[in-house]
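Student: Sequential numbering from 0 applies to the sequence shown in numbering that gives the first Met the number 0. All residues carry an ideal CB built from backbone N, CA and C; glycine is no exception.
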Amino acid sequence: MNPTPQTTLDTWRNQTIQRLCDGLNLLLDNVGETLVDFAAKSESVDLQTSFFDAQHLLAMRGDTLLASFRDELIRQEEDSNIQHKPTLGEETLSLLEREAYERSVALETIANNCALRNQQNFHAFKQRMSAIHGGRKFTLDDLPLNPKRVANAYEHAIEALDIPSRALLVLFTLFDRYVMAELDVAVSEINQRLADAGVLPTVKYTIVQQKRDPVQQHDDNPEGADSVFNDPASEPPPPAPTAEQTMTEISRLLSAQRRRRAYKELSEPPANYPPVPPQESRQRVNEALDSPQLAQQAPNPASQLLVTRDDKVVIDKELLLKVRQTLKKQRALIHALMGGSRKVVEREQNAIDIVGMLFEAILDDDKLSPQLKTLLSHLHTPYLKIAVNDPGFLQDAQHPARLLLDRMLQLGIRWVDPTLQYCVRKILDSNGKPDYAHLNQELDRKAIQLEQSKKVAEKRTLDAEKGQTMLTRARQTAESATQTLLREHRLPTAVRIFFHTIFTDYLSLLLRNNLDVEHPDCRDALDAAIQLIDSMGTSDLEGARAAGERLQGQIIRLLPHYQDKIGLFVRNLDSTIAESAISEPEPPPIAMEGEAPVEAEPSPPADEEAIARVLQIPVGSWFFLQKNPADQPLMVKLLWSNPHTRHVLFVDQHGLKRARMTLEQAAADLESGALRPARVKTEGIFSQLLASIKQKLEASIATGNHS
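#1: Could you give the DSSP three-state label for residue 621: helix, strand or coil?
#2: Residue 609: which of 621, 620, 668, 563 sits nearest, CA to CA?
#3: State the Cα-Cα distance for the pair residue 31 and residue 314, rounded to the nearest angstrom.
#4: Smallest Cα separation from residue 653: which of 138, 606, 459?
#5: What's the C-alpha gap between residue 389 and residue 620?
#6: Can you tell me whether DSSP reads residue 656 as helix, strand or coil?
#7: Between which residues of its own chain and residue 548 is the CB-CB distance below 7 Å, once the five residues before and five after are set aside?
#8: In whole angstroms, what is the alpha-carbon distance linking residue 251 and residue 697?
#9: Straight-line CA distance for residue 529 to residue 560?
#10: Tell me, to the nearest whole angstrom, how far the beta carbon of residue 357 is from that of residue 692; I am working on the premise that it is less than 8 Å.
#11: Identify which residue in 471, 498, 493 has its Cα closest to the Cα of residue 483.
#12: Verify whether the separation of the beta carbon atoms of residue 39 and residue 650 is less than 9 Å.
#13: In the DSSP assignment, what are the bridge partners of residue 639?
#14: Going by the CB atoms, is the gap between residue 34 and residue 51 shorter than 9 Å?
#15: With DSSP as the reference, please indicate the residues paired to residue 676 in a beta bridge.
#16: Please report the residue range of the alpha helix (DSSP H) in which residue 153 lies.
#17: Taking the C-alpha atoms as reference points, what is the distance between residue 480 and residue 500?
#18: In its own chain, which residues sit with a C-beta less than 6 Å from the C-beta of residue 626, not counting the 5 before and 5 after it?
#19: Since residue 469 sits in a beta bridge, which residues does DSSP pair it with?
#20: Would residue 15 and residue 182 qualify as a contact pair, given that the criterion is a beta-carbon distance under 9 Å?
#21: Are residue 439 and residue 377 closer than 9 Å when you measure CB to CB?
#22: Measuring only the C-alpha atoms, how far is residue 656 from residue 414?
#23: What does DSSP give as the partner residues of residue 633 in its beta bridges?
#24: What would DSSP say about residue 48, mapped onto helix, strand or coil?
#25: Where DSSP assigns a beta bridge to residue 661, which residues make up the other side?
#26: Consult DSSP for residue 491 and reduce its assignment to one of helix, strand or coil.
#27: Report the option in 558, 396, 416 whose CA atom is closest to the CA atom of residue 686.
#28: Please give me, in chain order, every unbroken run of the alpha helix (DSSP H) with length at least 4 that falls completely inside the segment 396-432.
#29: Within its chain, find whatever has a CB closer than 6 Å to the CB of residue 583; leave out the 5 residues flanking it on each side and keep chain order.
#30: Looking only at C-alpha atoms, which of 254, 138, 136, 130 sits nearest to residue 199?
#31: How would you label residue 295, buried or exposed, when you count the other beta carbons within 10 angstroms and need 16 or more for buried?
#32: Throw me the rounded Cβ distance for the residue 337 and residue 343 pair, which I believe falls under 8 Å.
#33: Excluding the five sequence neighbours on either side, which residues of its own chain have a C-beta within less than 7 Å of the C-beta of residue 402, listed in chain order?
#34: Would you report the Cα separation of residue 534 and residue 463, rounded to the nearest angstrom?
#35: Would you identify the three-state DSSP class for residue 616, choosing helix, strand or coil?
#36: Sort 124, 246, 472 by Cα distance to residue 137 and report the nearest one.
Next up, the structure:
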């Protein structure tokens, strides 16, 4: 029985609210990276701070904003059923408030643009609503979930957030891209549903496909030259078999395996059954795939991964095993529901087997994180449908569904990002017809954003590490120079304290960028220090004061916060000389006075050849770091090798520091396997998975193991 128009409207309203919330969810997932990108390009420190503050605020209150947006949409829809005519003062106040707030003007513009680009669809929707409600005239503002209501709900959700205007502009741009674009599709869908239900079926409307801004042109490897997919040490591989050749061989092997299994079970050649018409075979498989028994008897044990926004789902080996068993159970149910292998043609059997082996290969791949494996396992049934209904999926290397899965795998190796979660949900909700172009664009856009953020983070990490290294070396040089100055001199305690603190800090700063003590600035400082020491030794107050003032002028140019301390030291020089607080000559200690000697990091023994091999590793190479065999391997990148301090620095996929170790430790970890190269061939992960399936089938045929 066909649903009534009102039932159709209610169903569409609930689905559209969820669709708009999904769009806002994706906005929240992307806004952080966008704000970081804006901050990296900002010249003003205040502007950078405002973008980072906005990022932190949205990360903390994103769930609250999403809930407020949903509640306001529902409230507006409920209130729309009540005939409400604003009083004169109420309408005037609303207009005054709208003019007073910049965000209201911007959101009103976005709502108007949405109405303009969907003018024909909204006109058709108004006519159909009028027909449903007995001829009552409908305006755009009377329509359910119209652009103004959606914009008002968003304004209500963000009005409590204290976000700078520049950051609000980013939020508005993303709102138009991710949320209002969903409304474009929704208003097209309701027209189609109402027309199908017999409500003014001849009124024209436009079919809207989801469209996004064109992705910035980039090369085929947006992850950059240091991508994990590039193995600089490998030679150019020989031409790989084409996708069609690989699939033909896999199909041949599956057919051979199936015949051998049947012969083994029957101890005689299998009987020849009447051929099944291809149309009937495909219909039977589709009915099995659409059966509710699949979800009832074999639900995915990690469904929480589809609805949570954050990374709080614990995925261990036990859960991965349950996922594997569930996928296997799903295929067994499909096989039973379609009546066994005799009821379908071999092409459908091969398609089901190949997709099943494909997802098992994903679960077996140690380069993929447990989260990525579990998330992609939800695509098992949707991709079974695609493979059964579209032969090109497994044969055509450029098939959009195949490119999308390959792109998700490539991105997932580097980043398990909420955009992947969004893509999986969209595929599940698409009834076998996802918008591949849109999802690929989202993945490409996210890859570019993440790569840019990674580069910014890597630069900060490297600058901090280099700065700390230079400062340490400069401090050591400055302390050595100070020890040399004070050795063999009997000086008052106050003078010694001055040289060990203020003067050493100043000399360290001079030496940070240039370790040459003969540099003119260093030479001037040392000359003034020698003049002060000599004057103190001869009790020459005028000479000591002149030297002190000379040092004071030099030091406060770089260390202005020491001005009061230096001024006090210079003013007290006469009393310092008069009191003659003399200390013993400086011994030649290694550590600075008052400090304990710094112990060197303990490092395992390693020969110089092994250390030389570590230094030869190209910067940008990727590794798996796994100190504890029970832990999940962490993918890290070599960011810096320092032969002077004999250290190497590793960062993760986000550019954050993960490990700093000595050359000896790195050599030992490479030897033990705790640090091992992460090398992936360049032809794409999907092709590699097909190749591994082919190898397993060949081994199965060769050994006679057909399980």
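Tutor: Well, looking at it:
#1: strand
#2: 668
#3: So the alpha carbons of these two residues sit roughly 25 Å apart.
#4: Closest option to residue 653, Cα to Cα, is 459.
#5: For residue 389 and residue 620, the distance between alpha carbons rounds to 39 Å.
#6: strand
#7: 569
#8: 10 Å
#9: 24 Å
#10: 7 Å
#11: 498
#12: no
#13: Residue pairing by DSSP places residue 639 opposite 648 in a beta bridge.
#14: yes
#15: 622
#16: 146-157
#17: 13 Å
#18: 673
#19: DSSP output for residue 469 lists no bridge partner at all.
#20: Between residue 15 and residue 182, the C-beta gap is smaller than 9 Å, which places the two residues in contact.
#21: no
#22: 16 Å
#23: 624
#24: helix
#25: 646, per the DSSP bridge assignment.
#26: strand
#27: 396
#28: 399-413, 417-428
#29: With a pLDDT of 46 at residue 583, under the threshold of 50, the modelled position of that residue is not reliable, and the figure given next carries that caveat. Once the five neighbours on either side are set aside, residue 583 has no close Cβ partner at all.
#30: 130
#31: exposed
#32: 6 Å
#33: Cβ-Cβ distances below 7 Å link residue 402 to 439 in the same chain, with the five nearest sequence neighbours on each side left out; the list follows chain order.
#34: 40 Å
#35: Three-state DSSP puts residue 616 in coil, outside helix and strand.
#36: 124
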